[in-house]
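Scroll down for the structure; my scribbles are underneath it.
Protein chains in written order, with this note's numbering: chain A, 4 to 231; chain B, 69 to 441; chain C, 14 to 369.
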């Protein structure tokens, strides 16, 4: 009962209160809905600790058992604990413990600007190269549908830059709608919008039905297996 | 020589070559701060006061201690205790400034006027034992240390950037080092932010307001609210997921999270993504301007929009076979979806290239200074 | 083994060569500072007009939900929006649904306020009266749901620890309905979509969005009923920069006319400062002197837009990262399109030869 029934009951109560609070914003549902939302925000913060704890557990195991790559796990653990210590204690913060966590000039801000930011941004910047390489190797006009996709991609790629404007600037005003930048804008607000809208309607139906199943306890996969 | 070693040496060679390029064609990042980069920071016990004219100095009759009182709804965040003695036995600058001038002069800190912050005239820099310090005049003096880190840490950032880019050639120890460093730093970074931004003010501040007020004065004055034991308990239960014996308790917290998300999403998606989208699709198919008559361009677009949504939805309907009219409609739907995906692809490429441009900008401008104006 | 022909080499090109081409296509335009004029699209114009036509003093809730990884696209539009709102004397209330958001918001405010002070030294822009940074709260939909009812339940202090009751511009702000516009700057989830679903639509407050290129197409279905307009990626940021430049051009010209005096004062101050590192001081003085010479030679009133932008940078701290980054972007796009065309040519040739 404790492992299955209580969680299902919690999901039901919380879900129903939040749905009802939308339609009946007065007491007690309005206040309950607001409180549950605040509690959710706080519990969501604990999820960050869960993530960090899990990371430490996995890498400690790697280091402890001297698995391949244990040295790099050691780097992860050292950087994790050093950052954690600096962040929790606000050591070196010009305002001390009362200061903003990322106060300019604090060691935490230095870590953010000199380690976190460049590493994070460069990880995503790598994708530019892979997109180009994948486009060269895989993007083929093999059939009509693929050709339509290719042409739309070309129009967007060229239309969103100065190149597109230059390529079709010679077209007279009566045919201005055929200029690449105008075509790109039209593609975005008409066929792209309709396709995305249809996808959105489909996804929303799925989410609505799944949410209902979760609230009513029909969908229980989030509870995991039967074993404790 | 192993491949990994060869790639590592290659990385070091590229790093050195770029640094040489910067030395020759640009100027390498100076280790000392530029005049316009000086960000003045105040030590913990410096007075932080409201803007000019909003503060006055009083002496508390009971303790005979100097205190500053804010007017017009402003609030003093910190005070200098009367016993404060700056280095070298110099006078407390704020009291000195107050004696010489009845109003405290306002000065920007960090290129902004910090709310409830700052006070002094123009500062001058001086050097002591290799460190840069700022001297504040106005009759008194306060030595503040200028925190400058641009030089060394810019090189660290450049090293990490190139370390990650080295993966494009091949996996190598420098990439692995950077990757693992980033993983550890980012996990701890998010934990610290969650702790100080949500758990301290919104949880601990409700349960132990006096304790939190000593750290965060802005939270002070709230009454204890024992209802917040609920999220505290659920939060701690969530952490039991790390254990094997008590991990089942985390299901209660997960149930709360799932219930909240399901409840909010049910209404949110129904209203905005379902009803809202259908409402947006149903409109006039003929665009008429009262003065100019039928607008053929807008009419064509409206028809394409409506037909596009309808045919895409027909394509997604798999309960009947796509034959006849259904088949034709779903075919049109596929073409519309292809245009949609083509647009998404184009935008994705744009986004990724923009990220690369910014990284290159950092390397060539902030690190090597070789952008030609 | 038969010797590889040039065609074979092109068809089977090592991907690292493709990487090199892409890197060069970005680096070379960047080093030579190549960029192009931008023509605003109707969508960007709609967003600009919304902020432009709001009455002065309007309350704008600005959500900074992005991280350093998405800064290249988002930062230029965030900077342009903050500048525009402060120019129009709107009040900006910054929140963040991503943890790093408040820091990025602070940096954006600092840069924008610094520039506006250079542009108009008489104008007083005060934190707590013109803009406030309320910080990050975790919980996505939960946060927005609380904002919908009572903002003070969650946001008891700003990021500096000041109680919101003591912040002048928080007077009268109760919940989302207290705002005149929601400006959502986001790089994904949670962000604009959640603000539309759980905030803007239930509260009936209009919303404009600024997002990354990857996310933008997914938000178009909300246009125009649930979202007044969207800035999608670097291109839109550059267009907004161009619109804002048009608006402040007279002020820039007027301020630049005074630039020689300002620069001369700065050079004198730098020269007399014995505490600076000599090499750094030489470099700074040289930069300022070059800017002074450029300004003395030119009459701001007769300069072209590009020259004006280039001059305003070192003198007034005027950055237009959106426009300056579009140059390498355009070249890189062209290179990718060429690669795709070459790839398809090799495909069709091989198909004709019967290899595939």
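Don't be surprised by glycine CBs; every beta carbon is placed ideally from N, CA and C.
9 Å Cβ cut-off: residues of chain B touching residue i
i                      : result
residue 148 of chain A : 402, 403, 405 and 406
residue 41 of chain A  : 270, 296 and 299
Closest by C-alpha distance to residue i, when choosing among the options
i                      : options                       : result
residue 272 of chain B : B:258, B:260 and B:292        : B:292
residue 378 of chain B : B:365, B:348 and B:363        : B:348
residue 329 of chain B : A:193, A:121 and A:41         : A:41
residue 334 of chain C : C:197, C:129, C:25 and C:124  : C:124
residue 82 of chain C  : A:169, A:16 and A:127         : A:127
residue 91 of chain C  : C:202, C:196, C:317 and C:350 : C:196
residue 87 of chain A  : A:131, A:115 and A:17         : A:115
residue 281 of chain C : C:297, C:267, C:269 and C:271 : C:297
residue 137 of chain A : C:192, C:31 and C:119         : C:31
residue 434 of chain B : B:80, B:76, B:78 and B:226    : B:226
residue 47 of chain C  : C:348, C:349, C:219 and C:337 : C:337
residue 108 of chain C : C:211, C:79, C:313 and C:310  : C:79
residue 45 of chain A  : B:240, B:87 and B:298         : B:298
residue 142 of chain C : C:179, C:128 and C:117        : C:179
residue 295 of chain B : A:139, A:39, A:23 and A:157   : A:39
residue 73 of chain B  : B:346, B:91, B:81 and B:241   : B:241
residue 210 of chain C : C:226, C:190 and C:239        : C:239
Test item: CB-CB of residue i and residue j under 7 Å
i                      : j                      : result
residue 95 of chain C  : residue 121 of chain C : yes
residue 242 of chain C : residue 59 of chain C  : yes
residue 159 of chain C : residue 167 of chain C : yes
residue 110 of chain C : residue 153 of chain C : yes
residue 14 of chain A  : residue 323 of chain B : yes
residue 199 of chain C : residue 170 of chain C : no
residue 414 of chain B : residue 183 of chain A : no
residue 309 of chain B : residue 303 of chain B : no
residue 74 of chain C  : residue 228 of chain C : no
residue 356 of chain B : residue 194 of chain A : no
residue 215 of chain C : residue 164 of chain C : no
residue 151 of chain C : residue 311 of chain B : no
residue 104 of chain C : residue 182 of chain C : yes
Partners in chain B for residue i, counting only beta-carbon separations shorter than 8 Å
i                      : result
residue 44 of chain A  : 266 and 270
residue 209 of chain C : 340
residue 245 of chain C : 415
Within chain A, partners of residue i - CB distance below 7 Å
i                      : result
residue 116 of chain C : 105 and 115
Chain D contact for residue i (CB, 7 Å cutoff)
i                      : result
residue 112 of chain A : You won't find chain D in this structure, because its protein chains are A, B and C.
Chain C contact residues for residue i, given Cβ-Cβ distances below 7 Å
i                      : result
residue 127 of chain A : 82
residue 412 of chain B : 230
residue 101 of chain A : 174
residue 155 of chain A : Residues of chain C passing the Cβ test: none, with the nearest at roughly 11 Å.
Within chain B, partners of residue i - CB distance below 7 Å
i                      : result
residue 195 of chain A : 407, 408 and 411
residue 80 of chain A  : 252
residue 190 of chain A : 407 and 411
Within chain C, the residues that residue i reaches when beta carbons sit closer than 9 Å
i                      : result
residue 219 of chain A : Within chain C, no residue comes near residue 219 of chain A; the closest Cβ sits about 20 Å away, beyond 9 Å.
residue 240 of chain B : Here the premise fails: no neighbours, minimum Cβ distance about 14 Å.
residue 92 of chain A  : None at all; the shortest Cβ gap to chain C is about 16 Å.
Proximal residues of chain A, C-beta to C-beta of residue i below 9 Å
i                      : result
residue 333 of chain C : Correct list: empty, because the minimum Cβ distance to chain A is about 15 Å.
Proximal chain A residues relative to residue i, where beta-carbon distance stays under 8 Å
i                      : result
residue 221 of chain B : 113, 116 and 117
residue 248 of chain B : 75, 76, 78, 79 and 82
Residue i: CB within 6 Å of a non-hydrogen atom of the ligand MG
i                      : result
residue 208 of chain C : Ligands displayed in this structure: none; no statement on the ligand MG is therefore possible.
Considering only residues of the stretch 110-134 of chain C, which uninterrupted alpha helix (DSSP H) runs meet the minimum length of 4 residues and lie entirely inside it, listed in chain order? 114-132
Residue ranges of each alpha helix (DSSP H) within the stretch 201-264 of chain C, 4 or longer: 205-208 and 229-232
If you pair each beta-carbon of the stretch 32-39 of chain C with each one of the stretch 335-349 of chain C, do three or more pairs fall below 8 Å? Remark: three or more beta-carbon pairs, one from each stretch, lie closer than 8 Å, so the stretch 32-39 of chain C and the stretch 335-349 of chain C are flagged as touching.
Those runs of the alpha helix (DSSP H) which lie wholly inside the stretch 148-189 of chain C and span at least 4 residues: 154-162 and 164-167
Okay, do the stretch 345-362 of chain C and the stretch 61-74 of chain C touch, 3+ Cβ pairs below 8 Å being the bar? no
For the structure I just gave you, are there three or more beta carbon pairs, one from the stretch 321-334 of chain C and one from the stretch 262-271 of chain C, closer than 8 Å? yes
Counting pairs of beta carbons, one from the stretch 205-224 of chain A and one from the stretch 183-192 of chain A, are three or more of them closer than 8 Å? Fewer than three Cβ pairs drawn from the stretch 205-224 of chain A and the stretch 183-192 of chain A lie within less than 8 Å of each other, which leaves the two stretches out of contact.
Complete alpha helix (DSSP H) runs within the stretch 383-439 of chain B (minimum length 4 residues, chain order): As far as the stretch 383-439 of chain B is concerned, its whole alpha helix (DSSP H) runs of at least 4 residues are 392-429.
Jot down the residue ranges of each uninterrupted alpha helix (DSSP H) in the stretch 217-251 of chain B, minimum 4 residues, whole runs only, in chain order. 218-233
How about the stretch 248-261 of chain B and the stretch 72-85 of chain A: do they share at least three Cβ pairs that are nearer than 8 Å? yes
Touch test, the stretch 325-340 of chain B against the stretch 54-67 of chain A, Cβ-Cβ under 8 Å, three pairs minimum: In short, these stretches do not touch, since the Cβ pair count stays below three.
Can you find at least 3 beta carbon pairs, one from the stretch 230-239 of chain B and one from the stretch 257-265 of chain B, that sit closer than 8 Å? no
When the Cβ atoms of the stretch 381-400 of chain B are set against those of the stretch 207-220 of chain A, are three or more pairs found closer than 8 Å? The way I'd put it, the stretch 381-400 of chain B doesn't touch the stretch 207-220 of chain A; fewer than three beta-carbon pairs between them come closer than 8 Å.
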